[in-house]
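Residue numbers (the numbering used here): 67 to 228.
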């Protein structure tokens with residue numbers, strides 16, 4: 067049957083994923099609040115758990131948009147916690163661009179959508195340019211030139227796709 071995996075209905079797997087992720091959200095929020103006294107990380111723990119649920123839903127039902135948004139939320143939350151523990155808040159915008167690039171690349175890989183590969187490359191180059199700009203290695207004008215070239219190449223590639 068198409069609606070089953072190992073004789074378990076896909077809807078049952080999705081429901082159990084939602085319940086497990088809700089429990090993990092409560093546990094993770096309490097863990098960060100009680101152990102590390104990080105009271106503002108509940109939102110990013112929520113992003114991680116909703117992202118995991120959407121990834122499972124996207125893979126089971128073959129929804130590319132659910133998978134994309136799930137991967138994006140998962141990595142945004144994960145990178146925030148990474149920045150909290152390593153005190154890298156200054157570089158968090160770079161990690162957000164990298165989260166978008168990772169989500170686009172994985173969507174390209176699993177769902178064979180060539181536009182997402184070009185989007186992933188564009189976002190990656192913008193993230194590298196932003197990193198160099200934040201490190202004061204390049205000027206604002208050079209960074210803006212990287213962004214404009216990346217966007218123009220993305221637009222050209224979009225209109226030349228078959």
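Backbone N, C-alpha and C define an ideal beta-carbon position, used for all residues, glycine too. Keep in mind it's a predicted model, so treat the numbers as computed, not measured.
Residue i: first and last residue of the uninterrupted alpha helix (DSSP H) it sits in
i           : result
residue 209 : 206-226
residue 115 : 108-127
residue 87  : 76-100
residue 195 : 180-200
residue 105 : Taken as a continuous stretch (DSSP letters only), residue 105 belongs to no alpha helix (DSSP H), as it is neither H nor E.
Supposed contact pair residue j and residue i - C-beta distance, whole angstroms, cut 8 angstroms
i           : j           : result
residue 84  : residue 119 : 6 angstroms
residue 257 : residue 124 : Residue 257 is absent from the structure shown; the chain starts at 67 and stops at 228.
residue 198 : residue 204 : 5 angstroms
C-alpha distance - residue i paired with residue j, whole-angstrom precision
i           : j           : result
residue 151 : residue 110 : 13 angstroms
residue 67  : residue 73  : Low confidence applies to residue 67: its pLDDT is 45, below 50, so where it sits in the model is not reliable enough to give any reading.
residue 103 : residue 97  : 9 angstroms
residue 15  : residue 155 : Residue 15 falls outside the range modelled here, since the chain spans only 67 to 228, and no answer is possible.
residue 184 : residue 220 : 7 angstroms
residue 75  : residue 126 : 10 angstroms
residue 191 : residue 149 : 21 angstroms
residue 162 : residue 106 : 18 angstroms
residue 71  : residue 128 : 13 angstroms
residue 146 : residue 135 : 16 angstroms
residue 89  : residue 169 : 25 angstroms
Contact set for residue i: own chain, Cβ-Cβ below 7 angstroms, skip 5 residues either direction
i           : result
residue 181 : 224 and 227
residue 167 : 186, 189, 190 and 193
Close-in-space but distant-in-sequence residues of the same chain around residue i (CB under 8 angstroms, 5 per side omitted)
i           : result
residue 139 : 113, 114, 116, 117 and 120
Same chain only: Cβ atoms within 6 angstroms of residue i, ignoring 5 sequence neighbours per side
i           : result
residue 212 : 195
residue 158 : 149
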